[in-house]
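Those letters in the sequence shown? Residues 10 to 311, by the working numbering. Ideal Cβ positions, reconstructed from N, Cα and C, are used throughout, including at glycine. Model, not experiment: these values are computed from the prediction. Read the structure below first, then the notes.
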Amino acid sequence: MLDEFCWGRVNRISPEAPVPIVQVKTETWRPGGAANVASNIVALGGKAHIFGLIGDDGQGRRLTEELQKENILTTGLIIDSGRRTSVKTRILAQNQQMLRVDREHTEPIDYERQKTILSTLSDLIDELDGIIISDYAKGVVVEPLFKEIVEKFRRKNKFIAVDPKLKNFQLYKKPTIITPNTKEAEEALGRVFETEEDVLKGGVDLLKLSGSDAILITRSENGMTLFVKGEEPITIPTRAMNVFDVTGAGDTVISTLSLGMAAGCSMAKAAEVANLAAGVVVGKVGTATASRKEILHHFDRL
(Lines of atoms letter the chains of each structure in order from A; the text may use other names.)
(Lines give C-alpha, C1' and ligand atoms only; values in the text may rest on other atoms or scores of the structure.)
Protein backbone atom coordinates (compact mmCIF):
# COMPACT_ATOMS: atom_id res chain seq x y z
CA MET A 10 0.00 0.00 0.00
CA LEU A 11 0.99 3.63 -0.40
CA ASP A 12 1.24 5.82 2.70
CA GLU A 13 0.45 9.46 1.92
CA PHE A 14 1.22 12.20 4.45
CA CYS A 15 -0.26 15.69 4.31
CA TRP A 16 1.74 17.97 6.63
CA GLY A 17 0.38 21.33 7.76
CA ARG A 18 -0.71 23.62 10.56
CA VAL A 19 -3.95 24.37 12.36
CA ASN A 20 -4.73 28.03 13.04
CA ARG A 21 -8.52 28.02 13.27
CA ILE A 22 -11.69 25.96 13.56
CA SER A 23 -13.98 25.50 10.56
CA PRO A 24 -17.14 27.68 10.52
CA GLU A 25 -18.94 24.76 8.83
CA ALA A 26 -18.44 22.23 11.65
CA PRO A 27 -16.49 22.04 14.95
CA VAL A 28 -13.37 20.62 13.28
CA PRO A 29 -9.87 22.06 12.82
CA ILE A 30 -8.81 23.40 9.43
CA VAL A 31 -5.44 21.97 8.40
CA GLN A 32 -3.52 24.24 6.05
CA VAL A 33 -1.44 21.68 4.11
CA LYS A 34 2.14 22.81 3.43
CA THR A 35 3.80 19.60 2.24
CA GLU A 36 2.82 16.18 0.92
CA THR A 37 5.06 13.11 1.10
CA TRP A 38 4.67 9.47 0.09
CA ARG A 39 6.19 6.27 1.49
CA PRO A 40 5.81 2.55 0.78
CA GLY A 41 3.37 1.27 3.40
CA GLY A 42 2.05 -2.05 4.69
CA ALA A 43 4.12 -5.00 3.47
CA ALA A 44 6.11 -2.52 1.34
CA ASN A 45 7.29 -0.83 4.57
CA VAL A 46 8.63 -4.21 5.72
CA ALA A 47 10.68 -4.35 2.52
CA SER A 48 11.88 -0.77 3.13
CA ASN A 49 13.06 -1.74 6.60
CA ILE A 50 14.99 -4.72 5.22
CA VAL A 51 16.75 -2.57 2.61
CA ALA A 52 17.52 0.15 5.19
CA LEU A 53 19.46 -2.47 7.16
CA GLY A 54 21.45 -3.59 4.13
CA GLY A 55 19.33 -6.57 3.12
CA LYS A 56 17.82 -7.43 -0.25
CA ALA A 57 14.04 -7.51 -0.59
CA HIS A 58 11.61 -8.75 -3.20
CA ILE A 59 8.02 -7.50 -2.82
CA PHE A 60 4.92 -9.54 -3.73
CA GLY A 61 1.40 -8.17 -3.85
CA LEU A 62 -1.23 -6.35 -5.87
CA ILE A 63 -1.48 -2.75 -7.00
CA GLY A 64 -4.04 -1.05 -9.21
CA ASP A 65 -3.49 0.24 -12.73
CA ASP A 66 -3.61 3.79 -11.40
CA GLY A 67 -1.46 6.79 -10.48
CA GLN A 68 -1.05 5.66 -6.88
CA GLY A 69 0.20 2.26 -8.04
CA ARG A 70 2.74 3.89 -10.33
CA ARG A 71 3.88 6.21 -7.55
CA LEU A 72 4.26 3.25 -5.18
CA THR A 73 6.30 1.35 -7.77
CA GLU A 74 8.55 4.39 -8.25
CA GLU A 75 9.06 4.75 -4.47
CA LEU A 76 9.95 1.04 -4.20
CA GLN A 77 12.41 1.22 -7.06
CA LYS A 78 14.05 4.32 -5.55
CA GLU A 79 14.84 2.16 -2.52
CA ASN A 80 16.18 -0.69 -4.69
CA ILE A 81 13.32 -2.99 -3.66
CA LEU A 82 12.79 -5.62 -6.35
CA THR A 83 9.29 -5.43 -7.82
CA THR A 84 9.19 -8.60 -9.94
CA GLY A 85 6.40 -9.94 -7.71
CA LEU A 86 4.10 -6.92 -8.09
CA ILE A 87 0.87 -7.70 -9.96
CA ILE A 88 -0.98 -4.85 -11.66
CA ASP A 89 -4.71 -5.55 -11.38
CA SER A 90 -6.93 -3.19 -13.34
CA GLY A 91 -9.94 -4.43 -11.37
CA ARG A 92 -8.62 -3.14 -8.03
CA ARG A 93 -7.42 0.20 -6.78
CA THR A 94 -4.05 0.59 -5.08
CA SER A 95 -4.48 0.66 -1.30
CA VAL A 96 -3.73 4.19 -0.04
CA LYS A 97 -3.71 5.43 3.55
CA THR A 98 -3.75 9.21 3.75
CA ARG A 99 -2.72 10.75 7.07
CA ILE A 100 -3.40 14.42 7.84
CA LEU A 101 -0.87 15.86 10.29
CA ALA A 102 -0.65 19.25 11.94
CA GLN A 103 2.19 20.33 14.21
CA ASN A 104 3.47 16.72 13.79
CA GLN A 105 0.28 15.30 15.35
CA GLN A 106 -1.94 13.00 13.31
CA MET A 107 -5.41 14.54 12.98
CA LEU A 108 -7.13 12.09 10.63
CA ARG A 109 -6.51 9.03 8.48
CA VAL A 110 -8.42 8.25 5.28
CA ASP A 111 -8.23 4.73 3.74
CA ARG A 112 -9.00 3.99 0.08
CA GLU A 113 -8.76 0.33 -0.88
CA HIS A 114 -10.30 -2.89 -2.14
CA THR A 115 -10.06 -5.89 0.19
CA GLU A 116 -11.76 -8.72 -1.71
CA PRO A 117 -9.82 -12.04 -1.66
CA ILE A 118 -7.64 -12.50 -4.74
CA ASP A 119 -8.73 -15.12 -7.27
CA TYR A 120 -7.02 -18.36 -8.27
CA GLU A 121 -5.17 -16.80 -11.22
CA ARG A 122 -3.57 -14.11 -9.01
CA GLN A 123 -2.60 -16.74 -6.44
CA LYS A 124 -1.03 -18.87 -9.18
CA THR A 125 0.97 -15.90 -10.49
CA ILE A 126 2.35 -15.06 -7.04
CA LEU A 127 3.24 -18.70 -6.38
CA SER A 128 4.91 -19.12 -9.77
CA THR A 129 7.10 -16.03 -9.33
CA LEU A 130 8.00 -17.08 -5.78
CA SER A 131 8.93 -20.56 -6.98
CA ASP A 132 11.26 -19.08 -9.61
CA LEU A 133 13.06 -17.02 -6.93
CA ILE A 134 12.99 -19.37 -3.96
CA ASP A 135 16.56 -20.62 -4.27
CA GLU A 136 17.96 -17.11 -3.87
CA LEU A 137 15.77 -16.28 -0.85
CA ASP A 138 16.65 -16.94 2.81
CA GLY A 139 13.02 -16.83 3.86
CA ILE A 140 9.68 -15.11 3.43
CA ILE A 141 7.77 -12.56 5.49
CA ILE A 142 4.00 -12.75 5.17
CA SER A 143 2.93 -9.31 6.33
CA ASP A 144 -0.84 -9.68 6.52
CA TYR A 145 -2.89 -6.50 6.38
CA ALA A 146 -6.14 -8.36 5.57
CA LYS A 147 -6.40 -6.75 2.13
CA GLY A 148 -7.25 -9.99 0.33
CA VAL A 149 -3.83 -11.35 -0.70
CA VAL A 150 -3.29 -13.75 2.22
CA VAL A 151 -5.77 -16.53 1.46
CA GLU A 152 -5.69 -20.12 2.72
CA PRO A 153 -4.68 -22.03 -0.46
CA LEU A 154 -1.82 -19.61 -1.20
CA PHE A 155 -0.62 -19.58 2.42
CA LYS A 156 -0.53 -23.39 2.60
CA GLU A 157 1.40 -23.67 -0.67
CA ILE A 158 3.95 -21.08 0.43
CA VAL A 159 4.54 -22.75 3.82
CA GLU A 160 4.93 -26.14 2.17
CA LYS A 161 7.43 -24.85 -0.42
CA PHE A 162 9.55 -22.89 2.06
CA ARG A 163 9.53 -25.68 4.66
CA ARG A 164 10.68 -28.14 2.02
CA LYS A 165 13.63 -25.84 1.24
CA ASN A 166 14.42 -25.31 4.97
CA LYS A 167 13.76 -21.59 4.70
CA PHE A 168 11.97 -19.57 7.38
CA ILE A 169 8.39 -18.28 7.18
CA ALA A 170 7.68 -15.24 9.39
CA VAL A 171 4.08 -14.02 9.78
CA ASP A 172 2.90 -10.62 10.99
CA PRO A 173 -0.73 -11.54 11.69
CA LYS A 174 -4.16 -10.03 11.36
CA LEU A 175 -6.83 -11.41 13.70
CA LYS A 176 -9.26 -11.94 10.82
CA ASN A 177 -6.92 -14.58 9.32
CA PHE A 178 -5.34 -16.06 12.44
CA GLN A 179 -6.86 -19.50 11.81
CA LEU A 180 -4.90 -19.65 8.51
CA TYR A 181 -1.46 -19.42 10.09
CA LYS A 182 -0.54 -23.09 10.42
CA LYS A 183 3.09 -24.28 10.76
CA PRO A 184 5.08 -21.13 9.92
CA THR A 185 8.46 -20.61 11.58
CA ILE A 186 7.41 -17.62 13.69
CA ILE A 187 4.35 -15.41 14.21
CA THR A 188 4.64 -11.90 15.71
CA PRO A 189 1.27 -10.82 17.20
CA ASN A 190 0.93 -7.80 19.45
CA THR A 191 -0.78 -8.27 22.81
CA LYS A 192 -4.25 -7.41 21.52
CA GLU A 193 -3.94 -9.81 18.56
CA ALA A 194 -2.71 -12.60 20.83
CA GLU A 195 -5.56 -12.01 23.29
CA GLU A 196 -8.22 -11.98 20.59
CA ALA A 197 -6.80 -15.06 18.88
CA LEU A 198 -7.17 -16.96 22.17
CA GLY A 199 -10.42 -15.27 23.24
CA ARG A 200 -9.12 -14.05 26.59
CA VAL A 201 -7.42 -11.06 28.21
CA PHE A 202 -3.87 -11.14 29.59
CA GLU A 203 -4.20 -9.55 33.03
CA THR A 204 -0.97 -10.84 34.57
CA GLU A 205 2.51 -11.87 33.46
CA GLU A 206 1.46 -15.47 34.00
CA ASP A 207 -1.42 -14.95 31.56
CA VAL A 208 1.05 -13.76 28.91
CA LEU A 209 3.34 -16.75 29.45
CA LYS A 210 0.45 -19.21 29.24
CA GLY A 211 -0.95 -17.39 26.20
CA GLY A 212 2.30 -17.68 24.27
CA VAL A 213 2.50 -21.42 24.92
CA ASP A 214 -1.12 -21.85 23.84
CA LEU A 215 -0.48 -19.90 20.62
CA LEU A 216 2.45 -22.21 19.82
CA LYS A 217 0.10 -25.18 20.11
CA LEU A 218 -2.72 -23.47 18.19
CA SER A 219 -0.55 -22.52 15.21
CA GLY A 220 1.96 -25.36 15.15
CA SER A 221 4.66 -22.74 14.63
CA ASP A 222 8.25 -23.03 15.88
CA ALA A 223 8.06 -19.73 17.73
CA ILE A 224 5.78 -16.86 18.80
CA LEU A 225 6.99 -13.32 19.49
CA ILE A 226 4.39 -11.25 21.36
CA THR A 227 5.13 -7.53 21.08
CA ARG A 228 3.91 -5.80 24.23
CA SER A 229 4.33 -2.05 23.70
CA GLU A 230 5.77 -0.47 26.89
CA ASN A 231 6.30 -3.97 28.32
CA GLY A 232 8.75 -4.94 25.58
CA MET A 233 8.31 -8.31 23.89
CA THR A 234 8.23 -11.97 24.91
CA LEU A 235 9.68 -14.74 22.75
CA PHE A 236 8.36 -18.30 22.94
CA VAL A 237 10.41 -20.96 21.14
CA LYS A 238 9.19 -24.55 21.10
CA GLY A 239 11.05 -26.60 23.74
CA GLU A 240 12.71 -23.54 25.35
CA GLU A 241 11.91 -21.23 28.26
CA PRO A 242 10.17 -17.95 27.29
CA ILE A 243 12.37 -14.83 27.16
CA THR A 244 11.03 -11.33 27.94
CA ILE A 245 12.97 -8.43 26.42
CA PRO A 246 12.32 -5.01 28.05
CA THR A 247 11.31 -2.10 25.83
CA ARG A 248 14.16 -0.02 24.39
CA ALA A 249 12.19 3.08 23.40
CA MET A 250 13.49 6.38 24.82
CA ASN A 251 10.85 8.58 23.15
CA VAL A 252 7.52 7.55 21.63
CA PHE A 253 6.10 9.94 19.03
CA ASP A 254 4.38 7.58 16.58
CA VAL A 255 3.93 3.78 16.60
CA THR A 256 3.04 3.70 12.86
CA GLY A 257 4.91 0.80 11.27
CA ALA A 258 6.66 -0.38 14.46
CA GLY A 259 5.40 -3.94 13.87
CA ASP A 260 6.84 -3.80 10.33
CA THR A 261 10.23 -2.86 11.77
CA VAL A 262 10.10 -5.69 14.31
CA ILE A 263 9.35 -8.46 11.79
CA SER A 264 11.77 -7.16 9.16
CA THR A 265 14.68 -6.81 11.61
CA LEU A 266 13.89 -10.14 13.26
CA SER A 267 13.77 -11.90 9.89
CA LEU A 268 16.94 -10.27 8.59
CA GLY A 269 18.70 -11.35 11.79
CA MET A 270 17.53 -14.93 11.27
CA ALA A 271 18.65 -14.79 7.63
CA ALA A 272 22.10 -13.65 8.81
CA GLY A 273 22.38 -16.65 11.14
CA CYS A 274 21.37 -15.11 14.48
CA SER A 275 19.43 -17.15 17.01
CA MET A 276 15.79 -16.08 17.37
CA ALA A 277 16.62 -14.59 20.79
CA LYS A 278 19.45 -12.42 19.40
CA ALA A 279 17.38 -11.42 16.37
CA ALA A 280 14.52 -10.40 18.69
CA GLU A 281 16.92 -8.28 20.78
CA VAL A 282 18.01 -6.34 17.69
CA ALA A 283 14.38 -6.04 16.50
CA ASN A 284 13.48 -4.56 19.88
CA LEU A 285 16.21 -1.94 19.50
CA ALA A 286 15.08 -1.12 15.94
CA ALA A 287 11.49 -0.64 17.15
CA GLY A 288 12.82 1.75 19.81
CA VAL A 289 14.30 3.84 17.00
CA VAL A 290 11.24 4.05 14.73
CA VAL A 291 8.70 4.94 17.44
CA GLY A 292 10.81 8.04 18.04
CA LYS A 293 10.05 9.23 14.49
CA VAL A 294 6.83 10.66 13.04
CA GLY A 295 5.16 8.74 10.21
CA THR A 296 6.12 5.52 8.44
CA ALA A 297 9.82 5.10 9.20
CA THR A 298 12.79 2.74 9.04
CA ALA A 299 15.83 2.20 11.25
CA SER A 300 19.36 2.09 9.83
CA ARG A 301 22.23 0.08 11.29
CA LYS A 302 23.90 3.32 12.44
CA GLU A 303 20.71 4.47 14.22
CA ILE A 304 20.28 1.11 15.97
CA LEU A 305 23.89 1.12 17.18
CA HIS A 306 23.57 4.73 18.35
CA HIS A 307 20.34 3.87 20.18
CA PHE A 308 22.09 0.91 21.85
CA ASP A 309 24.99 3.16 22.93
CA ARG A 310 22.58 5.64 24.57
CA LEU A 311 20.81 3.02 26.70
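Would you give the residue range spanned by the alpha helix (DSSP H) that Arg-92 belongs to? Note, Arg-92: premise wrong, no alpha helix (DSSP H); not H, not E.
By Cβ distance below 7 Å, which residues in the same chain neighbour Arg-112 in space, the five residues on each side in sequence not counted? Arg-93, Val-96
Please state whether DSSP places Leu-62 in a helix, a strand or coil. strand
Applying the criterion that 16 or more other CB atoms from any shown protein chain within 10 Å of the CB defines a buried residue, is Ile-100 buried or exposed? buried
By how many angstroms is the C-alpha of Asn-166 removed from the C-alpha of Gly-211? 27 Å
For Ser-219 versus Pro-184, is the C-beta distance shorter than 9 Å? yes
Going straight from the alpha carbon of Ala-194 to that of Ile-226, what length do you get? 7 Å
Mind checking which residues open and close the beta strand (DSSP E) that includes Pro-29? 29–40
Contact check, Gly-85 vs Ile-126 under 8 Å by CB: the rounded distance? 7 Å
If you run the structure through DSSP and keep just helix, strand and coil, what is Thr-261? helix
Let me check understanding here. Comparing Cα to Cα, which of Pro-173, Glu-36, Thr-73, Ala-52 lies closest to Phe-14? Glu-36
Are there 16 or more other CB atoms within 10 angstroms of the CB of Ala-146, so buried, or fewer, so exposed? exposed
The alpha helix (DSSP H) with Leu-175 in it runs from where to where? Counting along the chain, Leu-175 falls outside any alpha helix (DSSP H), and DSSP gives it neither H nor E.
At the level of alpha carbons, what is the spacing between Leu-76 and Asp-89? 18 Å
When the Cα atoms are used, what is the spatial distance from Leu-268 to Lys-124? 27 Å
Counting only the same chain and skipping the five closest in sequence on each side, list residues whose C-beta sits under 6 Å from that of Gln-68. Leu-11, Thr-94, Val-96
Whose C-beta lies closer than 7 Å to the C-beta of Pro-153 among residues of the same chain, with five residues either side of it excluded? Gln-123
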